[in-house]
Amino acid sequence: MTNPFTAETSAASKVPQVTIAFWIIKILATTLGETGGDALSMTLNIGYAVSSLILLGFFAVTLAAQVSARRYHPVFYWTVVVATTTVGTTTSDYFDRTLGLGYIKSSAMLLCAVILVLVAWHFTTGKIATDQVTTRTNETFYWLTILISNTLGTALGDFTATDLGLGFARGALVFLALIALVALAYFFSRIPHSVLFWSAYVLTRPLGATLGDTLTKPRAEGGLALGRFTSSLTIALAMIVLVALTAQRNRAPAEEPS
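Sequential numbering of the sequence shown, starting at 19, is according to my numbering.
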């Protein structure tokens with residue numbers, strides 16, 4: 019059975035190898051999505067609806083570049099991931115706050131949407147690809163799942179921190195613990211690996227959301243009161259360094275003389 023956490027992708031695959039570095043970069047991307055989305059909608063006071071439309075446009079542009087590539091391109095791939103996390107942040111806030119759905123209703127609706135997409139994906143292609151995305155159909159389902167799951171993750175993070183009263187830092191610890199349970203299930207259970215992959219993928223989003231809020235929210239609300247733009251820039255730079263190092267490491271074996 020293909021291992022979605024460690025298996026190498028083929029040359030034609032449009033997604034990266036799923037390694038520890040992948041998950042670290044993913045958490046940075048989701049944290050950046052929270053700070054970047056809030057910077058646009060709150061710091062610049064553009065509002066959730068307009069910010070969501072702007073970021074949907076950004077998502078469309080980055081996705082077009084990703085889809086047009088013939089194989090995995092780290093810049094295209096991770097830019098789309100960041101785009102989904104930022105638009106997920108503002109869209110979730112629009113559902114929860116502007117439309118007044120609240121965190122529980124929006125989380126339930128988005129969770130159902132993720133499950134429906136995964137079921138449709140399996141019904142259409144016969145499997146749910148995680149490390150071998152080589153067809154346009156799989157790529158469409160892949161990014162649709164990510165877009166919805168990153169929106170879901172924002173609502174879950176806010177629900178844990180606000181409605182449950184855990185605060186941002188303790189909320190982050192909750193999601194870290196849940197991710198650890200998924201990792202244990204991978205090693206010690208027979209749960210399908212694709213289910214575990216998407217469970218971990220969903221959980222990294224609320225983890226990033228609570229970490230982002232921990233960095234930027236006022237101290238009176240349990241945050242560190244760091245600037246949203248400063249935090250976003252710092253996280254983006256860390257992402258760029260890790261993506262570059264990972265890409266260089268993956269290229270090195272191919273460049274060695276035979």
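Quick reminder that beta carbons are idealized off the backbone N, C-alpha and C, glycines included.
Note that the structure is a prediction, hence the values are computed from the model and not measured.
How many angstroms separate the CA atom of Lys-123 from the CA atom of Ile-45?
As a first step, residue 123 is located in the sequence shown; it is residue number 105 there, counting from the start. As a first step, residue 45 is located in the sequence shown; it is residue number 27 there, counting from the start. The straight-line gap from Cα to Cα measures roughly 25 Å.
Does DSSP put Ile-93 in a helix, in a strand, or in coil?
By one-based count along the sequence shown, residue 93 stands at place 75. Sequence check: residue 93 is Val here, not Ile. Here DSSP, grouped into helix, strand and coil, assigns Val-93 to helix.
Out of Pro-224, Leu-81, Val-99, Thr-108, which has the shortest C-alpha to C-alpha gap to Asn-63?
Within the sequence shown, the letter at position 45 stands for residue 63. Out of Pro-224, Leu-81, Val-99, Thr-108, the CA that lies nearest to the CA of Asn-63 is found in Thr-108.
To the nearest whole angstrom, what separates the beta carbons of Thr-152 and Thr-228, a pair I think is in contact under 8 Å?
Your numbering for residue 152 matches position 134 in the sequence shown. Your numbering for residue 228 matches position 210 in the sequence shown. For a cut-off of 8 Å, the C-beta gap from Thr-152 to Thr-228 is around 35 Å, too long to register as a contact.
Can you have a look at Gly-144 and say buried or exposed, based on whether 16 or more other CB atoms are within 10 angstroms of its CB?
Position 126 of the sequence shown, counting from 1, holds the residue named residue 144. Only exposed fits Gly-144, as fewer than 16 other CB atoms lie within 10 angstroms of its CB.
Looking at C-beta atoms only, is the number of pairs between the region 39-53 and the region 209-227 that lie closer than 8 Å three or more?
Short answer: they touch.
How far does the alpha helix (DSSP H) with Pro-236 in it reach, from first residue to last?
Counting from one through the sequence shown, the residue named residue 236 turns up at place 218. Note, Pro-236: premise wrong, no alpha helix (DSSP H); not H, not E.
On the three-state DSSP scale, how would you describe Arg-223?
In the sequence shown, the residue the question calls residue 223 occupies position 205. Helix.
Please check the pair Gly-106 and Gly-171, which I expect to be a contact at CB under 8 Å, by giving their CB distance rounded to whole angstroms.
Numbered from its first residue, the sequence shown carries residue 106 at position 88. Numbered from its first residue, the sequence shown carries residue 171 at position 153. With a Cβ gap of about 7 Å, Gly-106 and Gly-171 count as contacting.
Rounded distance between the beta-carbons of Leu-260 and Ala-39, thought under 8 Å:
One-based indexing of the sequence shown puts residue 39 at position 21. One-based indexing of the sequence shown puts residue 260 at position 242. Correct: roughly 6 Å between the Cβ atoms.
Cβ of Leu-47 within 8 Å of Cβ of Thr-103?
Within the sequence shown, residue 47 is the residue found at index 29, counting from 1. Within the sequence shown, residue 103 is the residue found at index 85, counting from 1. It is Ala, not Leu, that sits at residue 47 in the sequence shown. Yes.
In the DSSP assignment, the alpha helix (DSSP H) including Gly-245 goes from what residue to what residue?
To locate residue 245, count along the sequence shown from 1; it is residue 227. Counting along the chain, Gly-245 sits inside no alpha helix (DSSP H), nor does DSSP assign it H or E at all.
Could you pull out every unbroken beta strand (DSSP E) segment of at least 3 residues lying fully inside the region 53-118, listed in chain order?
If we require 3 residues or more, the region 53-118 turns out to have no beta strand (DSSP E) run fully inside it.
Quick check: what's the CA-CA separation for Asp-56 versus Arg-246?
Here residue 56 refers to the residue found at position 38 when the sequence shown is read from its first residue. Here residue 246 refers to the residue found at position 228 when the sequence shown is read from its first residue. Each residue's alpha carbon lies about 7 Å from the other.
If you reduce the DSSP assignment to three classes, tell me which class Glu-162 lands in.
Along the sequence shown, read from residue 1 onward, the residue named residue 162 stands at position 144. Strictly speaking, residue 162 in this sequence is Leu, with Glu absent from that position. Under the three-state reduction of DSSP output, Leu-162 falls in the helix class.
Find the nearest neighbour of Lys-132 within the set Leu-242, Leu-255, Ile-253, Tyr-219, judged by alpha-carbon distance.
The count along the sequence shown starts at 1 and reaches residue 132 at position 114. It should be pointed out that residue 132 corresponds to Val in this sequence rather than to Lys. Minimum Cα distance to Val-132 is reached at Tyr-219.
Could you give the first and the last residue of the continuous alpha helix (DSSP H) run that contains Val-33?
If you number the sequence shown from 1, residue 33 lands on position 15. For Val-33, there is no enclosing alpha helix (DSSP H), as DSSP gives it neither H nor E.
Using three-state DSSP, classify Ile-258 as helix, strand or coil.
Here residue 258 refers to the residue found at position 240 of the sequence shown. Secondary structure at Ile-258: helix, using DSSP grouped into helix, strand and coil.
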